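Enquirer: Protein chains in written order, with the UniProt record's numbering: chain Z, 1 to 368; chain P, 1 to 368. For each residue, glycine too, the CB sits at the ideal point set by N, CA and C. Since the model is a prediction, treat every value here as computed from it, not as a measurement.
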């Protein structure tokens, strides 16, 4: 085989190791799966019923135009179907967005410690990543703007609310950032956690704005991570470009049916939001009981500051994983002093509460 | 937005229009959906049960390593998991294969009239397609070899059994072709229809052979097109390269569960094969009753020679579609004298039998 020079240059590393691989290494299942910001509260019962009903119809490909789902999403958001593209989770859409805008040598801007899968795609298409640091555990729009302008980058990434820290900016601050983007630059605004954020954190949708594309997903609040449905809202011209590169018959028929049902179940979304709010409060209590600070979060997870450096937090994380509690953590200093704990059900958080003091003790021992 | 020069150069056309778009244009559903080589006989009941049961667990991402599915596939085929990569249908895997081997200007060889989605991916990564004609309604290994050698192409595509004609080569002929490939060239051997083919049409699997990668799918005989699960079997080095570019969390949790269940249900596969054989015989009878010849097929569809040129066959197809019978046809002469009819249940083929004489009469009228 003769890989392209670009493919041959790519590392064999992957953005995230799955919890299943860790379970195989541990030779037992996790007691609590609160590491991937999945919604342990599950999908809407209506979505489950729709997916189960669609299982017997799965001999048919899904409609490659996703007409019904796009119509439902357009009505939901008050935009037109031409403003929406659907893909295999935000991860899949990010890959195609990068493919459309980034070639070998193209500069792309993001924050050091932000979503690794975005960086994976940028590297995968030969782009050159330029990073700016977080500022007080928040992504820094001013620094991102400056770097975008300086590099002449066609693409800049920001998540609001942020992952992995859970912090957020006001919608007004984001709108202002969009308004100040240099000509031709596009903001990839990752709003995977928008459903958990306060209303004033989300800028109004402007379907005529060419400088931003907004990523949404059924993986988080809708509890359908394994169904792989994300979508992006943007200017019709950029949205139409996805049709030049996407896998037109790539969507799952069961998932599409589930997404339409989930979108209509407002009560379930309200229920999940309440459960998440309660779980986040409990995570903060557990942390406080162990003398640890937590960051305010507009997502379904909480960054817990372990009070030391990255190595110390990694030792805490390892101690939790050894005790059957799956959590993850940021990879870049100074964010990496934290571990990231997803909202869990009471038994999940009981397991976290039981394991945390022991994990801290282990970490303190190995650092003394 | 600033599309890359490559993205800006791509056409807005798509490989296939879905039947749903046609139904929206017709303002009524098709009576018979026998155009996309889906398995109207459905998935295994065990697969349906597994997918329905997994619907409530879909809050979890699927294992990004697909450990259990790859283990099951490896056992089934007598290879190692390192020989297998899994993706969102063969379409998704073809995209990643092309991405690994093809850059701007790279020559790629296929047959004129073969699978358009492969060509879509080659264009999408800037490759330059070189085509050779079919020979007696079969892909022509000798001509493909010659073109590959002449062009210095790193990638050549052949489907066995073939789509859209349904014809096939012996496994011995394919093995011989692989053995004669020029150094560094890889044969993308699309075996989507292998489950319908006679045993001697499928060359033995050789997991140490670096010159071929074999595409398989749950979309055809397993009746799970809308579940989007394909896989490729090849040399561990080429298989490992997919991990550099694939969407690691791209697979659907319900589909993975369904695929494992389907793989174990040999009885259902036998049942589907019998139904398909009966349906193909009936399609040939219907064609013969209308004075039309059919091609022998090792797939789940039959190419029906409409007895005229491409325009005449298109008129026949349009007449069928107008009467609620969804079929497709090859796009390149001389293959395009045929329409392609997928195996259907008796009521599907009743609808085809009723519509065909009228469609032929219409086509004859418009051509006289």
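Using Cβ-Cβ distances below 8 Å, what residues of the stretch 227-259 of chain P are close to chain Z?
Expert: Cβ proximity to chain Z below 8 Å picks out 227, 228, 235, 237, 238, 240, 241, 243, 244, 245, 247, 248, 249, 250, 251, 252, 253, 254, 255 and 258 from the stretch 227-259 of chain P.
Enquirer: Looking at residue 88(P) and residue 111(P), is the spacing between their C-beta atoms short of 8 Å?
Expert: no
Enquirer: Let me check understanding here. Comparing Cα to Cα, which of 254(P), 299(P) and 306(P) lies closest to residue 272(P)?
Expert: 299(P)
Enquirer: Do you know offhand how far residue 212(Z)'s Cα is from residue 204(Z)'s?
Expert: One C-alpha to the other measures close to 12 Å.
Enquirer: Are there three or more Cβ pairs, one per stretch, closer than 8 Å when the stretch 249-266 of chain P is compared with the stretch 95-106 of chain P?
Expert: no
Enquirer: Sorted by chain position, which residues of the same chain lie with C-beta nearer than 7 Å to residue 58(Z)'s C-beta, five sequence neighbours on each side aside?
Expert: 253 and 254
Enquirer: Ends of the alpha helix (DSSP H) at residue 312(P)?
Expert: 310-322
Enquirer: If you count every other CB in all the chains shown that lies within 10 Å of the CB of residue 32(P), and 16 or more means buried, which is it?
Expert: buried
Enquirer: Return helix, strand or coil for residue 170(P), following the three-state DSSP convention.
Expert: Reduced to three states, the DSSP call for residue 170(P) is coil.
Enquirer: Which same chain residues end up closer than 8 Å to residue 141(P) when comparing Cβ atoms and leaving out the 5 residues on each side of it in sequence?
Expert: 158, 169, 173, 174, 176 and 177
Enquirer: Helix, strand or coil for residue 110(Z) per DSSP?
Expert: strand
Enquirer: With a 10 Å radius around its C-beta and 16 neighbouring C-beta atoms as the bar for buried, classify residue 248(P) as buried or exposed.
Expert: buried
Enquirer: Are residue 122(Z) and residue 108(Z) closer than 8 Å when you measure CB to CB?
Expert: yes
Enquirer: To which residues of the same chain is residue 382(P) closer than 6 Å at the C-beta, ignoring the five residues directly before and after it?
Expert: With chain P represented from 1 up to 368, any question about residue 382(P) goes unanswered, as that position is not in the structure.
Enquirer: Residue 362(P) by DSSP, collapsed to three states: which one?
Expert: helix
Enquirer: Note down the Cα distance separating residue 117(Z) from residue 179(Z), rounded to an integer number of angstroms.
Expert: Per the coordinates, the alpha-carbon of residue 117(Z) lies some 26 Å from the alpha-carbon of residue 179(Z).
Enquirer: Just tell me which of 190(Z), 64(Z) and 125(Z) has its CA closest to the CA of residue 14(P).
Expert: 64(Z)
Enquirer: Express the C-alpha separation of residue 115(Z) and residue 301(Z) in angstroms, rounding to a whole number.
Expert: When only Cα atoms are considered, residue 301(Z) and residue 115(Z) end up about 15 Å apart.
Enquirer: Starting from residue 148(Z), trace the beta strand (DSSP E) both ways and give me its first and last residue.
Expert: Element bounds for residue 148(Z): not the beta strand (DSSP E) but the alpha helix (DSSP H), 141-151.
Enquirer: Evaluate the contact criterion for the stretch 310-317 of chain P versus the stretch 333-343 of chain P: three or more CB pairs, one atom per stretch, below 8 Å.
Expert: yes
Enquirer: Return the residue from the list 94(Z), 345(Z), 357(Z) and 97(Z) that minimises the CA-CA distance to residue 38(Z).
Expert: 345(Z)
Enquirer: If we define contact as Cβ-Cβ less than 8 Å, is residue 26(P) a contact residue for chain Z?
Expert: no
Enquirer: What residues in the stretch 64-82 of chain P have a beta carbon less than 9 Å from any beta carbon of chain Z?
Expert: Residues passing the 9 Å Cβ filter: 64, 65, 67 and 68.
Enquirer: Looking at the strands, I want to know which residues DSSP matches up with residue 32(P).
Expert: For residue 32(P), which the question treats as bridged, DSSP gives the partners 325(P).
Enquirer: Distance cutoff 8 Å, beta carbons only. Does residue 297(P) sit that close to anything in chain Z?
Expert: Interface flag for residue 297(P) against chain Z is unset, since no Cβ pair is found closer than 8 Å.
Enquirer: Quick one: any contact between the stretch 40-51 of chain P and the stretch 354-361 of chain P, if contact means 3 or more CB pairs under 8 Å?
Expert: no
Enquirer: Would you list the residues sitting across from residue 130(P) in a DSSP beta bridge?
Expert: Its beta-bridge partners are 109(P).
Enquirer: Is it buried or exposed for residue 309(P), if we count other Cβ within 10 angstroms and need 16 for buried?
Expert: exposed
Enquirer: Under 8 Å between C-beta atoms, does residue 4(Z) make it to chain P?
Expert: yes
Enquirer: The stretch 27-42 of chain Z: which residues have C-beta closer than 9 Å to a C-beta of chain P, in chain order?
Expert: 33, 36, 38, 39, 40, 41 and 42
Enquirer: Give the single residue among 161(Z), 34(Z) and 147(Z) whose Cα lies nearest to the Cα of residue 155(Z).
Expert: 147(Z)
Enquirer: With a cut-off of 8 Å, does the C-beta of residue 175(Z) fall near any C-beta of chain P?
Expert: Judged by the 8 Å Cβ criterion, residue 175(Z) is not in contact with chain P.
Enquirer: Starting from residue 118(Z), follow the alpha helix (DSSP H) in both directions and report where the run begins and ends.
Expert: Element bounds for residue 118(Z): 116-124.
Enquirer: If we cut at 8 Å on Cβ distances, does residue 44(Z) have a partner in chain P?
Expert: no
Enquirer: Hey, could you find the ends of the beta strand (DSSP E) residue 342(Z) is sitting in?
Expert: 338-342
Enquirer: Report the residues of the stretch 47-64 of chain P with a CB closer than 9 Å to any CB of chain Z, ordered along the chain.
Expert: 47, 48, 49, 50, 51, 52, 53, 54, 55, 56, 57, 58, 59, 60, 61, 62, 63 and 64
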